[in-house]
Structures are given as C-alpha cells and as structure tokens.
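K.L.:
Number of protein chains: 2
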Amino acid sequence: MDFRKRDNVSVDCVIFGLDSYGLNILLRNRKLNMFNDDFPVIDDWVIAGGPVIISKTLGETADLIFKSITGLNAFNRIQFHTYGNPSRLKSEKDLLWIRSQGLKRQTMTIAYYYTQPKESIVLKNSDFKWFPLKSLPDLGFDHKRIINDAHEDLKQKIMVDPVIFDLMPVKFTLNELQLAFESILEVELDNRNFRKKVLNKAYIVPLNQTKKGSAKKPSKLYVFSRDVYDKVTETDYIINI
Amino acid sequence: MDFRKRDNVSVDCVIFGLDSYGLNILLRNRKLNMFNDDFPVIDDWVIAGGPVIISKTLGETADLIFKSITGLNAFNRIQFHTYGNPSRLKSEKDLLWIRSQGLKRQTMTIAYYYTQPKESIVLKNSDFKWFPLKSLPDLGFDHKRIINDAHEDLKQKIMVDPVIFDLMPVKFTLNELQLAFESILEVELDNRNFRKKVLNKAYIVPLNQTKKGSAKKPSKLYVFSRDVYDKVTETDYIINI
DNA sequence: ACAAAAGTGTTGTCGATACACCCATGG
DNA sequence: CCATGGGTGTATCGACAACACTTTTGT
Numbered sequence: 001m002d003f004r005k006r007d008n009v010s011v012d013c014v015i016f017g018l019d020s021y022g023l024n025i026l027l028r029n030r031k032l033n034m035f036n037d038d039f040p041v042i043d044d045w046v047i048a049g050g051p052v053i054i055s056k057t058l059g060e061t062a063d064l065i066f067k068s069i070t071g072l073n074a075f076n077r078i079q080f081h082t083y084g085n086p087s088r089l090k091s092e093k094d095l096l097w098i099r100s101q102g103l104k105r106q107t108m109t110i111a112y113y114y115t116q117p118k119e120s121i122v123l124k125n126s127d128f129k130w131f132p133l134k135s136l137p138d139l140g141f142d143h144k145r146i147i148n149d150a151h152e153d154l155k156q157k158i159m160v161d162p163v164i165f166d167l168m169p170v171k172f173t174l175n176e177l178q179l180a181f182e183s184i185l186e187v188e189l190d191n192r193n194f195r196k197k198v199l200n201k202a203y204i205v206p207l208n209q210t211k212k213g214s215a216k217k218p219s220k221l222y223v224f225s226r227d228v229y230d231k232v233t234e235t236d237y238i239i240n241i
Numbered sequence: 001m002d003f004r005k006r007d008n009v010s011v012d013c014v015i016f017g018l019d020s021y022g023l024n025i026l027l028r029n030r031k032l033n034m035f036n037d038d039f040p041v042i043d044d045w046v047i048a049g050g051p052v053i054i055s056k057t058l059g060e061t062a063d064l065i066f067k068s069i070t071g072l073n074a075f076n077r078i079q080f081h082t083y084g085n086p087s088r089l090k091s092e093k094d095l096l097w098i099r100s101q102g103l104k105r106q107t108m109t110i111a112y113y114y115t116q117p118k119e120s121i122v123l124k125n126s127d128f129k130w131f132p133l134k135s136l137p138d139l140g141f142d143h144k145r146i147i148n149d150a151h152e153d154l155k156q157k158i159m160v161d162p163v164i165f166d167l168m169p170v171k172f173t174l175n176e177l178q179l180a181f182e183s184i185l186e187v188e189l190d191n192r193n194f195r196k197k198v199l200n201k202a203y204i205v206p207l208n209q210t211k212k213g214s215a216k217k218p219s220k221l222y223v224f225s226r227d228v229y230d231k232v233t234e235t236d237y238i239i240n241i
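Chains as they are written, first to last, in full-length UniProt numbering: chain D, 1 to 241; chain F, 1 to 241.
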C-alpha cells in the first residue's frame, strides 16, 4: 500500500444531513490565531477535505475522510464536479491559511457529496458543526460555490434516482418524506396528490407500525425496498421502450 | 503564464459528432512499432487527451486540446466525470505505451465531452478518425468506459438542456432533429407527435427557406434561438419518454 | 372536548399516445 | 407519372393539479 499523498490534488466532501427543518451541511471550523487567542485572524468554516492518497481510488479517499468525521461507513457517495481553476484559492485569507498549514497550494479538488439523516451522525470532534443550508456561516475557499453545486446536483438526482431515501431514517412517515422533497427541492407539494403518487410505488412498503410523535394522531410508517425498486424500474424500462 | 504541466493529472476529451447515421466519436490512432513497421506492438485507438497546464483552468486545458484537433473554438464543453482509480491503467499494452512515450503514469483524468455536427470538423491530422458510436474499434486505456459514461451523461442532459442543438447544423429540418433524438437516446419517436411538440416551442423558429435534399419534396428549415430559450424556459422539456 | 396532525376522493384539464393518408417535388 | 421523403389531424387515455373536510389520538 502506498500511502503517499498527491500534494496538488485534494478531495472535498459535502456532507448533507436531513432533519425535520431541512437540509444541513456539516462544516469544520477553520481558525487561525496569530497573536491573540481572542482575536483569530481567520475564523470561518470549510467543508471536509484532504489530499488524494496515491494508492487509493478517489472515492476511497473521500470515504476515508467521511469516515474519519462521522465514524460511518459510506455507501452513498456521489461525485459531482472537479474544480481546477488555478485562481480559485486566491483570497488573502486562503493563502495565509495554506501557508500557515505548510500545505502546497492545492488548486484542484474532486468534489463529492454524501447524504444521510442528520441524526445518524454522532459528532466526536467539536471542530465540526451542522449548519442549515439556508443559513450558512462565512465559508472559506470557494466552498460556498461547491456547496451550491452539490445542492443543484442533488436536486436533479432526486427526481430520477432514489437518493431521497438515503436522507431518510429507515422507517419514515409519508409526511416526513414529503417534507424531505419539499425542503430539498424548495417547492411545496399537495399532500393528497403526493400520497396518491407515493402509495402507487410498490417499493415504498407500509409497515404495521405507527410512529407516536409528540402527542397527536400516530402516523403510519413505511420503508423503502431497494430490491423491489431495482426490479420495478427494470421492468418499467422494458415496457416503455 | 505558467505553462508547466501537472505530470500526474490529465484531461480527456470525448468528441461527439452527429451525422445522419447517428453519433460518432473522434479517435486518435495509437500505434507503436518496436521491431517492424508492419507489425506494430500496439495499434488501437484512444480519445484525445493531454496533461493539465498549471496556469489554466481544467476547462481551458480541455479547450486547447479540442482546438488543436479540430481548429474550432469550443463553446459547449461538458465536464462529466473524474477518474482516479490507481489501477485503471494496468494492462501490459497501456504500461508499455506509457513507458515508450516517456510519460509518467497518469492515473487521474478529468473527462469532458464536446458536441457538434460531424461535418463542422475538418480533420487536418490523419491520426484522427471518426467512428460510429455503435461500432467502435479496439480502444486503449479505459476509454471504452469513458465513452460510455459520456454517452450516458449526454442522454440525460439532452432531456433537460438544449444540448441537442450543439449537435445540429444551424439550420435543420424537423426530421433531422427527430433523427438526432432517436439516435442519441436509442429510441423511436412518433413523427406526428414529435412535430406537434416541437412546433409548440417558441425557441424553435421556422425560416422561409427549404432544404432541397437529394431529390424529393423540399423540407422546411428551422433554427434554434437561444435568446428565446433562455427567456421561455424554466421547465419546458422537448422530450419526455 | 379540544387541539393538532394524519389521512382521504372527485373533478377538470392538459399533455401523451396511437394511428394512416395526402402532398410536393425531382427524376 | 411515380418514387420518395415531407407533412398533417383526431380520438382516447392517463397523469397531474386543484381543492376541504373527517379521523384519530393525547392532553
């Protein structure tokens, strides 16, 4: 195994976590104190990233980063873009940071995103913190843009792939599912029409269980069956074309 | 300007050209003669590629490659994937080739594709040749897979973006447009329904000109107006399968 | 019994599909 | 005049949008 690192290429990971308020992003605090601990020269946030490891695939490198933060084995990594503009890291702050860390100037990065329910991640490291996608803090490098691109890609994929279920707990209610769609796509959906559509899908299977939320009528729970999905979409394809 | 090259990262360009028979790919002959010119050790085909130039963006690097082959200024480059599996170039042949060229082993490549009418490209260099996507020759490296991925991406984009018009001549007939969709998506479409749909689109504007093809009824010509498209479109797809 | 969220049906419209013949031209 | 590809209309069906009230539970 060759654990050397490519010093001019990195991998970045946008980590999405969904909760009942919408999408969140997991960010790492980037802080640099030069003179006085109370007045850091740099104090902003960045997405998780790291150098490419020579003997691993890009995806494996990304998974390592993901695991080091979340403790979880990744299974739903999506590569969405590679950034290579040589002047993309050119702010004073970013250059200062790079020098202070003894890093080479990594202008190229392959960007991935991960999707899971926010609650499934237990943060061990207090440098990391969740932020609602709608109210992100001051971001370093060009990470604002990267997060945006990731969100756009997610919006598209969600219309066409079952990625939404990676963001949901295993058992979920239809209203939770609707909320997930609404907050990711930034639209509002009609509850009755939504239910009709969803209940038509064989791969969304009802359980004989209810979720007793706060103190209201309990709601029925469902699970997503990937087996059924794979079979159904195949046959759909055959019939349609 | 820093014209040095990154010796471990390259850019590859899948060049699509559409003609009336379908999609074609522009490939470069890779030939290596060790002992006897009549019996090359390597004789297969690869897509265009080259090292990343440090002072340029990835896209600019790709455009340079594109221009060096076609003489055209690129305007429709699409980045679709980055490959970084360290063992993706591991066949005897590929390793031999890399040594023979004095190259470093470039395991990472950012892949782009370009789309234009096949006839708009005049080949100056006889190392390059068009091949129908449906009958590709023996391909080097993992370029078979890269071409496949590019095609899949193109299929998706075509449903949602006006990329199809990059593949068409400026003036085109509706039947040509239909053929383009059919051959890219690998489906058949009903001619009457297709016309109805297309004629509803404000951004496909009829000309008072006809195309006198071989020797039959002349057909009406249309152009695509990007201005109108940009204004009209939010979610107005041409095709829904 | 009331507050709060879960759950349920009908109707109208629009777009998609299926389908077969006439038209204009060049040779 | 005929061969060839260009061009056209209608009827049916299904998907989606709009829309408001009843049900179940916990407190």
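Positions of the beta carbon are idealized from the N, C-alpha and C atoms, including for glycine.
Here the structure is a predicted model, which means the values were calculated and not measured.
Tell me whether the beta-carbon of D:Ser183 lies closer than 8 Å to the beta-carbon of D:Gly22.
P.N.:
Yes. Within cutoff.
K.L.:
Do F:Asp166 and F:His81 have their beta-carbon atoms positioned less than 8 Å apart in this structure?
P.N.:
Not in contact: F:His81 and F:Asp166 (Cβ atoms no closer than 8 Å).
K.L.:
Which residue marks the beginning of the alpha helix (DSSP H) containing F:Gln156, and which one marks its end?
P.N.:
Looking at the DSSP string, the run of the alpha helix (DSSP H) that includes F:Gln156 is His143 to Ile158.
K.L.:
In chain D, which residues lie less than 8 Å from F:Ile184 when you measure between Cβ atoms?
P.N.:
Those within 8 Å of F:Ile184 in chain D number zero; the least Cβ separation is about 14 Å.
K.L.:
To the nearest angstrom, report how far apart F:Arg6 and F:Leu95 are at their CA atoms.
P.N.:
Computed Cα separation, rounded: 19 Å.
K.L.:
Among residues of its own chain, excluding the 5 on either side of D:Tyr83, which ones have a beta-carbon nearer than 6 Å to its beta-carbon?
P.N.:
So the qualifying residues of the chain are Thr109.
K.L.:
What residue ranges within the segment 7-60 of chain F form continuous beta strand (DSSP E) runs of no fewer than 3 residues, ordered along the chain?
P.N.:
Runs found: 22-32, 42-46 and 48-53.
K.L.:
Whose CA, out of F:Ala202, F:Pro162, F:Ser68 and F:Gln156, lies closest to the CA of F:Glu186?
P.N.:
It is F:Gln156 whose Cα lies nearest to the Cα of F:Glu186.
K.L.:
Could you run through the segment 75-86 of chain F and flag, in chain order, every residue whose CB is less than 9 Å away from some CB of chain D?
P.N.:
Residues passing the 9 Å Cβ filter: Gln79, His81, Thr82, Tyr83, Gly84, Asn85 and Pro86.
K.L.:
Is any beta-carbon of chain F found at less than 8 Å from that of D:Val9?
P.N.:
So yes, D:Val9 belongs to the interface.
K.L.:
Is D:Thr233 a contact residue of the ligand PLP, with contact defined as CB to any heavy atom under 7 Å?
P.N.:
With respect to the ligand PLP, the structure offers nothing, as it holds no ligand at all.
K.L.:
Going by DSSP, what residue range makes up the beta strand (DSSP E) through D:Asn208?
P.N.:
First-last of the beta strand (DSSP E) with D:Asn208: Ile204 to Lys211.
K.L.:
My understanding is that D:Asn29 touches D:Asp127, with C-beta atoms under 8 Å, so please give their C-beta distance in whole angstroms.
P.N.:
5 Å between Cβ atoms; contact.
K.L.:
Identify whether D:Thr233 lies in helix, strand or coil by the three-state DSSP scheme.
P.N.:
Residue state, collapsed to three classes: helix.
K.L.:
Which residue wins for smallest C-alpha separation from residue 242 of chain D, given the options D:Thr61, D:Trp45 and D:Ile15?
P.N.:
Residue coverage of chain D in this structure runs from 1 to 241, which leaves residue 242 of chain D outside it and unanswerable.
K.L.:
Spatial neighbours of F:Ile15 within its chain, please: CB distance less than 6 Å, with the 5 preceding and 5 following residues excluded, ordered by chain position.
P.N.:
Excluding sequence neighbours, F:Ile15 sits near Leu26 and Tyr114.
K.L.:
Does any residue of chain F have a CB that is nearer than 8 Å to the CB of D:Arg105?
P.N.:
Chain F contact via Cβ: absent.
K.L.:
From which residue to which residue does the alpha helix (DSSP H) around F:Ala111 run?
P.N.:
No alpha helix (DSSP H) holds F:Ala111; the beta strand (DSSP E) holding it covers Met108 to Pro117.
K.L.:
Nearest chain F C-beta to D:Ser55 closer than 8 Å, yes or no?
P.N.:
Judged by the 8 Å Cβ criterion, D:Ser55 is in contact with chain F.
K.L.:
Quick check: what's the CA-CA separation for F:Asp19 versus F:Lys118?
P.N.:
Using only the alpha carbons, I get a separation of about 6 Å.
K.L.:
Between F:Met108 and chain D, is the shortest Cβ-Cβ distance under 8 Å, so that the two count as touching?
P.N.:
Chain D contact via Cβ: present.
K.L.:
Cβ closer than 8 Å: which chain F residues qualify as neighbours of D:Val52?
P.N.:
By Cβ distance, chain F contributes Gly84 and Met108.
K.L.:
I'd like to check one pair, F:Leu207 with residue 243 of chain F: are the Cβ atoms closer than 8 Å?
P.N.:
Given a span of 1 to 241 for chain F in the structure shown, any question on residue 243 of chain F remains unanswerable.
K.L.:
Just to confirm the assignment, what range does the beta strand (DSSP E) spanning D:Ile78 have?
P.N.:
D:Ile78 -> beta strand (DSSP E) spans Ile78 to Tyr83.
K.L.:
Quick one: what's got a C-beta closer than 7 Å to D:Leu180's C-beta in the same chain, skipping five residues either side?
P.N.:
In the sequence on display, residue 180 of chain D carries Ala and not Leu. Here the set comprises Leu18, Ile164, Leu167 and Met168.
K.L.:
Report the rounded CA-to-CA distance for F:Asn175 versus F:Leu123, giving the unit in angstroms.
P.N.:
Taking the straight line joining both Cα atoms gives about 27 Å.
K.L.:
Per DSSP, what kind of secondary structure is F:Leu199 in: helix, strand or coil?
P.N.:
Reduced to three states, the DSSP call for F:Leu199 is helix.
K.L.:
In whole angstroms, give me the CA-to-CA distance for F:Val205 and D:Pro132.
P.N.:
Each residue's alpha carbon lies about 44 Å from the other.
K.L.:
At what residues does the beta strand (DSSP E) containing D:Ser135 begin and finish?
P.N.:
That residue, D:Ser135, is in no beta strand (DSSP E); it is neither H nor E in DSSP.
K.L.:
What are the partner residues of F:Phe224, as DSSP defines its beta bridges?
P.N.:
DSSP lists F:Ile204 as partners of F:Phe224.
K.L.:
What first and last residue would you give for the alpha helix (DSSP H) that runs through D:Ser183?
P.N.:
Run containing D:Ser183: Leu174 to Leu185, per the alpha helix (DSSP H) assignment.
K.L.:
In whole angstroms, give me the CA-to-CA distance for D:Asn240 and D:Ser135.
P.N.:
For D:Asn240, the predicted structure reports a pLDDT of 34, less than 50, and the residue's modelled location is therefore unreliable. The matter cannot be settled from this model.
K.L.:
DSSP three-state label for F:Ser126, please.
P.N.:
Looking at F:Ser126 - three-state DSSP - the assignment turns out to be coil, as it is neither helix nor strand.
K.L.:
Check D:Ser219 in the structure and name its three-state DSSP category.
P.N.:
Three-state result, D:Ser219: strand.
K.L.:
Out of curiosity, what's the CA-to-CA distance linking D:Val59 and D:Arg77?
P.N.:
In the sequence as displayed, the identity of residue 59 of chain D is Gly instead of Val. Spanning the two alpha carbons is a distance of roughly 8 Å.
K.L.:
Would you mind telling me which residues of chain F sit closer than 8 Å to D:Leu199, beta carbon to beta carbon, in chain order?
P.N.:
Correct list: empty, because the minimum Cβ distance to chain F is about 23 Å.
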